[in-house]
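Have a look at the structure below, then the notes.
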Amino acid sequence: MSVMKFQSPISCLRGGCLVWLVRALLSSLPFSMRWNTARAKWGLGVCFAGLVLCAAPGHADSDESYQLSTGEVVAPLERFRECDVCPEMIVIPPGAFMMGAIPGESRNPYDFYGEGATGRKRGPDEINIMPSEHPRHRVEIDIPYAMARNEITHREWMHCVDDGACTHKPDHRVLTPEGYRDLGPDHPVVNISFLDIQDYVDWLNGRVGADVYRLPTEAEWEYAARAGTTTRFAQGSDLTSDQANFSGRATEKLRGMPLPDLVSRYGPVPVGALDAANSWGLRHMSGNVAEFTLSCDHHVHLGLPTSSAYLEHTRARRPCERIVAKGGDYGSTMDSLRPARRYRPTIDRRRDFWGFRILRVFEKENR
């Protein structure tokens, strides 16, 4: 089992950071820009002329730490693998966030979603509200957790198959305009269903000897995807094709204008490809493949105050026919990659644009 810090230009110890590593990078910027630059890139809390106190947005307690099944102790933004075939995880800082979309955040001009949808094109002065992304509300993350750095890969899935725990051996190819394309071991696993994933979760928990791995709820997923930001995407108001894998062609069609800098790849890329990490180090939270969550589908947000309340609600509704998926995929428009965006697949359907990433829950270490 290995533990490492999230790699940034600053070595953030639990109590704070020395500023001398930052000065050389920020000295050329006007002072007013330095705080925003440091915070956006590395999740820094408070910057002064001679000191940087280091804490991720929403990270109220820099002394938080958690013990793994191996006895190792990890802290927010540290990376670890709990076993030789376990996915690489990143400890998510505790905090709270505003879940859901701001009115007008979606740039989809068509009224296709929600009860009473007409399919008409909205006027240029109409505020676009996607009913399924509302009401926007505050959620406190009261269950500590780590999130997989990447979408689970075909290689990682096949460890479970080889152990005899996962019975489904998925078709590892995607359909493109030129026909089927084979994918490699480091592409996200696709053509798996929500039901298939339960075998993987059970197997992973067996490998570490504790019931600690599961899918994230949609609240846990969205909090991790936003990484302390409040913009349309974790990277800002728009995405480039270097930051996320989505369909440039579909985005052009939706917006009704040429966007020559955008790319259409017609399939997922390996999980380590592109500059696709948010400020907490999680890759491809927007795009590549859409990701299943644990949450049962509901046509609007429930407005619950805590992540534990979302988990309890989902457990109380089991079994449910549809669950919530997040993140958008390689065939989606840019707009569909927003952290607020929600999808509602059935639990038994397999598609070459759906995948998942895993979550690991913690108990706080007694110190």
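Read in order, the letters of the sequence shown correspond to residues 1307 to 1673 in the numbering used here. The C-beta atom is built at its ideal place from N, Cα and C for all residues, glycine as well. Model, not experiment: these values are computed from the prediction.
heavy atom of the ligand HEM below 7 Å from residue i C-beta
i: Ile1398; result: For the structure depicted, the ligand HEM is absent and the ligand set is empty, with no information on it obtainable.
According to DSSP, residues forming a beta bridge with residue i
i: Glu1597; result: Lys1632 and Gly1661
i: Val1445; result: Phe1403
i: Ile1398; result: According to DSSP, which records beta bridges pairwise, Ile1398 is partnered with nothing at all.
i: Pro1494; result: Thr1459
i: Cys1626; result: None; Cys1626 has no bridge partner.
i: Tyr1519; result: Arg1666
i: Thr1652; result: Arg1628
i: Ala1579; result: Looking at the DSSP assignment, Ala1579 forms no beta bridge with any residue, so it has no partner.
i: Arg1266; result: No statement about residue 1266 is possible, as the shown extent of the chain runs from 1307 to 1673 and does not include it.
i: Gly1542; result: Phe1539
Supposed close pair residue i, residue j - CB separation, criterion 8 Å
i: Cys1626; j: Val1514; result: Incorrect: roughly 27 Å between the Cβ atoms, too far for contact.
i: Leu1610; j: Val1397; result: 24 Å between Cβ atoms; not a contact.
i: Arg1442; j: Met1395; result: About 29 Å; that fails the 8 Å criterion.
i: Glu1439; j: Ala1407; result: 4 Å
i: Arg1663; j: Glu1457; result: 5 Å
i: Arg1561; j: Val1577; result: Wrong, their Cβ atoms sit about 28 Å apart, outside the cutoff.
i: Ala1550; j: Ala1530; result: Going by Cβ atoms, the distance from Ala1550 to Ala1530 rounds to 16 Å, so no, they are not a contact pair.
i: Ala1540; j: Ser1585; result: 7 Å
i: Arg1385; j: Arg1455; result: 7 Å
i: Arg1520; j: Leu1600; result: 6 Å
i: Val1518; j: Arg1666; result: 5 Å
Start-to-end residues for the alpha helix (DSSP H) that takes in residue i
i: Glu1388; result: Taken as a continuous stretch (DSSP letters only), Glu1388 belongs to no alpha helix (DSSP H), as it is neither H nor E.
i: Thr1620; result: Ser1613 to Arg1623
i: Val1606; result: Counting along the chain, Val1606 falls outside any alpha helix (DSSP H), and DSSP gives it neither H nor E.
i: Tyr1486; result: Unbroken run through Tyr1486 is the beta strand (DSSP E), Gly1485 to Asp1488; no alpha helix (DSSP H).
i: Val1507; result: Phe1500 to Val1514
i: Lys1475; result: From DSSP, Lys1475 is part of no alpha helix (DSSP H); its letter is neither H nor E.
i: Arg1555; result: Gly1554 to Arg1561
i: Arg1532; result: Glu1524 to Arg1532
Buried or exposed (CB count within 10 angstroms, at least 16 for buried), residue i
i: Glu1484; result: exposed
i: Tyr1486; result: exposed
i: Arg1340; result: With a pLDDT of 33 at Arg1340, under the threshold of 50, the modelled position of this residue cannot be trusted; read the value that follows with caution. By the neighbour-count rule (16 or more Cβ atoms within 10 Å), Arg1340 is buried.
i: His1605; result: exposed
i: Pro1522; result: buried
i: Leu1357; result: Reliability fails at Leu1357, whose pLDDT of 30 lies under 50, so the model's placement of it is uncertain and the value that follows must be treated cautiously. Exposed: under 16 other Cβ atoms inside 10 Å.
i: Gly1634; result: buried
i: Lys1632; result: buried
i: Pro1491; result: exposed
i: Glu1411; result: buried
i: Pro1647; result: In the sequence as displayed, the identity of residue 1647 is Arg instead of Pro. Classification for Arg1647: buried.
i: Gly1675; result: Outside the displayed range of the chain (1307 to 1673) lies residue 1675, so it cannot be described from this structure.
i: Ala1596; result: buried
Beta strand (DSSP E) segment containing residue i, residue limits
i: Arg1479; result: Arg1479 to Thr1482
i: Ala1452; result: Tyr1451 to Ala1454
**Study point:** Given 8 Å, three or more beta-carbon pairs between the stretch 1439-1457 and the stretch 1466-1482
**Key:** no
Exercise for review: May I ask you to verify whether the stretch 1637-1654 touches the stretch 1545-1559, counting CB pairs closer than 8 Å and requiring at least 3?
Suggested key: yes
Check your understanding: Does the stretch 1524-1533 come close enough to the stretch 1505-1513 that 3 or more CB-CB pairs lie under 8 Å?
Key -> no
Review point. Are three or more beta carbon pairs between the stretch 1494-1503 and the stretch 1459-1466 nearer than 8 Å?
Key: yes
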